[in-house]
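Novice: What follows is a structure written as structure tokens; I'll ask about it next.
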Amino acid sequence: MTVAWITAALAALVWAVEQAAPGTLLQVNADHTLRPPVWWTPTAPLAAYAAMAFPRDGARPVWIRALPVAALLVPVGALGDVLPGSAMRQFSAQETDSIAALEFRSVFAVAVAALIGMYAAARRRAVQALTERAERAERERHLLAERARAEERARLAAEMHDVVAHRVTLMVLQAGALRVRAPDEPTREAAEELRGTGCLALEELRDVIGLLRRDQPAAPPADSGPLPDLSVLVAESAAVGVPVELAEHGDPPPASPAVGRTAYRVVQEALTNARKHAPGAAVHVDVRYRTDGVTLTVRNAAASREPDADLAASGSGMGLAGLRERVELIGGTFTAGPHLDGFSVEASLPAYVPVAKP
């Protein structure tokens, strides 16, 4: 709009000055050549196009944007009133047979440029509307998928709470009764171990149920505790002949129980996979503690011997996929893939995870 108004004002200024004092701005030499040439004809279409093609956000009506274009057409259409006839006859004879034809061509160029600008603006609005519609449809599809996922998680949580947790609770109670009534010490020890394992399973089950129900009102924050001691896993791997190096950086932050168990499972699964698929390979476990979480990296080198086919084929094959789901469930990130000549597993976990009441 600014460029269009300036162009219209300058064109009107030249016309007004030449009307009042001919020859002031447009002079004719002895050979009847015009100096300077007709300057506003090439600039006017560009100004008209810009005024119509680039409306501001919350655009002005078309008729307001067309005001400088209309003001520009007046002096352009009145060229014959201020241009010396002797010079224009020579100038027009090289291109057209009359001054009126030159005026018509100038007005036509400005009008066509304005129409093209209107088309460009309308096309841009249509493309923007289609883009917004596609983005809105994508957001709605994502919300529907999230709702379906939340409903499925709630159903799974209900099934786990009503069936699995109930059965495990019965197993813990029966193991406790067996410990009390067992006639010999080995049986009592086995019953106590079974009861402890069942209690741990119940705690982990409550964590999972709470995470699945995070769309419901959250429970009061559980007491944060230290992250689990990973040196036990390292010692277990070393005991079966896998050289494992553990490096810890920083101070362990207090973390939710669910985070601690997930960190333990990540390292455990990574070391198990290294034992199965890369026998004899050195494994490096890098643990970097942050104030807001922990980053775990487990890398192994290339296998020093062929893996046992039966051992490598054992398991469900869903270990890494299950880890990814478990890490993402508590708001972390998980990556796993080849690294140099070996394999790498990396997980970044937050320190605190809100859970709903199971």
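Taken in order, the sequence shown gives residues -20 to -1, 1 to 338; the numbers are from mature numbering (1 follows the signal peptide of the UniProt record, and there is no 0).
All residues carry an ideal CB built from backbone N, CA and C; glycine is no exception.
Keep in mind it's a predicted model, so treat the numbers as computed, not measured.
(1) Give the DSSP-derived three-state secondary structure of T76 in the structure shown.
(2) Going by the beta-carbon positions, is the gap between A101 and M32 smaller than 8 Å?
(3) When you compare the stretch 208 to 218 with the stretch 174 to 184, are there three or more beta-carbon pairs, one atom per stretch, that lie closer than 8 Å?
(4) Could you pull out every unbroken beta strand (DSSP E) segment of at least 3 residues lying fully inside the stretch 216 to 279, listed in chain order?
(5) Is there at least one non-hydrogen atom of the ligand PLP closer than 7 Å to the beta-carbon of G230?
(6) Indicate the three-state DSSP secondary structure (helix, strand or coil) for L(-8) in the structure shown.
(7) My output table needs one value for E326: the three-state DSSP class, helix, strand or coil.
(8) Throw me the rounded Cβ distance for the L192 and A134 pair, which I believe falls under 8 Å.
(9) What span of residues does the alpha helix (DSSP H) with A301 cover, start to end?
(10) Which residue's Cα is closest to the Cα of residue 386: P223, T271 and A261?
(11) Rank R45, P259, Y29 and V56 by C-alpha distance to the C-alpha of A(-5) and give the top, closest one.
(12) Measuring alpha carbon to alpha carbon, tell me which of R36, E(-3) and V(-7) ends up nearest T(-19).
(13) Identify whether A282 lies in helix, strand or coil by the three-state DSSP scheme.
(14) Could you tell me which of A24, A170 and G190 sits nearest to V92, measuring between CA atoms?
(15) Residue range of the alpha helix (DSSP H) that A51 falls in?
Specialist: In terms of the structure at hand:
(1) One-based indexing of the sequence shown puts residue 76 at position 96. Its pLDDT being 49, under 50, T76 is placed unreliably by the model, and the measurement read from it follows with that caveat. Looking at T76 - three-state DSSP - the assignment turns out to be coil, as it is neither helix nor strand.
(2) Position 121 of the sequence shown, counted from the first residue, corresponds to residue 101. Position 52 of the sequence shown, counted from the first residue, corresponds to residue 32. Yes, Cβ-Cβ distance for A101 and M32 is below 8 Å.
(3) no
(4) 224 to 229 and 263 to 270
(5) Ligands in the displayed structure: none, and consequently the ligand PLP is not present.
(6) Position 13 of the sequence shown, counting from 1, holds the residue named residue -8. Helix.
(7) Residue mapping note: residue 326 aligns to position 346 of the sequence shown, counting from 1. Reduced to three states, the DSSP call for E326 is strand.
(8) Within the sequence shown, numbered from 1, the residue matching residue 192 stands at position 212. Within the sequence shown, numbered from 1, the residue matching residue 134 stands at position 154. Confirmed, Cβ separation roughly 7 Å.
(9) Your numbering for residue 301 matches position 321 in the sequence shown. Note, A301: alpha helix (DSSP H), G299 to L309.
(10) Absent from the structure is residue 386, since the part of the chain shown begins at -20 and ends at 338.
(11) One-based indexing of the sequence shown puts residue -5 at position 16. Nearest option by C-alpha distance: V56.
(12) Translated into the one-based positions of the sequence shown, residue -19 becomes position 2. For T(-19), the nearest C-alpha among the options comes from R36.
(13) As a working mapping, residue 282 is identified with position 302 in the sequence shown. In this structure, A282 counts as coil in the three-state DSSP scheme.
(14) As a first step, residue 92 must be located in the sequence shown, where it is residue number 112. Answer by Cα proximity: A24.
(15) Here the question's residue 51 lines up with position 71 in the sequence shown. L47 to G57 is the span of the alpha helix (DSSP H), which, as asked, contains A51.
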